[in-house]
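Single-structure report; data block below.
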Amino acid sequence: METIVKGQLNVDVLKEDQDPHNKITVVGVSTVGMACAISILMKDLADELALVDVIEAKLKGKMMDLQYGSLFLKTSKIVSGKDYSVTANSKLLVVMAGALQQGGESHLNLFQHNVNIFQIIISNNVKYSSNCNLLTVSNPVDIFTYMERYSWESTSNFQHD
């Protein structure tokens, strides 16, 4: 009798393992990235928000800020990590990542460094969310969009319509 009562009392109210229906990932938690993340939350565009950045300490602080504020929003699940596995099953990937230009660094060197960063982002995205849409918010946007498409095609089973 006791196990029956315990079984009835221990009901999962919220299943944590459910896949999100509308997950959005923001890559790069700079000022622009955080403005984008806050807009996504305020407009209730996602049921899960994932943040990715290479600077883990900054990332953790930004995520905690959003989690505190999410008590007043519908999007209750906010995750973050340096590892792209947190982006799994995303429907949209918003890319704002890129290196800052160092003193004396040429624009060409900066661009090459950012191309390398984007290739890492795209290959990880193909691995964890191959059917998502990409939104690029990094300059020069036209070149990065072209490069993303080329990288996507070369690392996945991408087919033209």
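Count the sequence shown with the UniProt record's numbering and you get residues 1 to 161, in order. Just so you know, even glycine gets a beta-carbon here, dropped at the ideal spot from N, CA and C.
Nearest candidate by alpha-carbon position, reference residue 29, set 119, 21 and 50: As a working mapping, residue 29 is identified with position 29 in the sequence shown. When each option's Cα is compared against that of residue 29, the closest is 50.
Separation of residue 120 from residue 149, as counted between CA atoms: Translated into positions along the sequence shown, residue 149 becomes position 149. Translated into positions along the sequence shown, residue 120 becomes position 120. The straight-line gap from Cα to Cα measures roughly 13 Å.
Endpoints, the alpha helix (DSSP H) within which residue 125 is located: For the purposes of this step, residue 125 is taken as residue 125 along the sequence shown, with counting starting at 1. It spans 107-128 - the alpha helix (DSSP H) in which residue 125 sits, taken as one unbroken run.
Spatial neighbours of residue 62 in its chain, beta-carbon cut-off 7 Å, leaving aside the 5 residues before and after: The residue you call residue 62 lines up with position 62 of the sequence shown. The answer, listed in chain order, is 29, 34 and 51.
Buried or exposed (CB count within 10 angstroms, at least 16 for buried), residue 11: Counting from one through the sequence shown, the residue named residue 11 turns up at place 11. Per-residue confidence for residue 11 stands at a pLDDT of 49, beneath the threshold of 50, marking its modelled position as unreliable; the derived number appears in the next sentence. Classification for residue 11: exposed.
Reduced DSSP secondary structure (H/G/I, E/B, other) of residue 54: In the sequence shown, the residue the question calls residue 54 occupies position 54. Here residue 54 sits in coil by DSSP.
Contact check, residue 46 vs residue 66, beta carbons under 8 Å: Here the question's residue 46 lines up with position 46 in the sequence shown. Here the question's residue 66 lines up with position 66 in the sequence shown. In this structure, residue 66 does not lie closer than 8 Å to residue 46 by Cβ.
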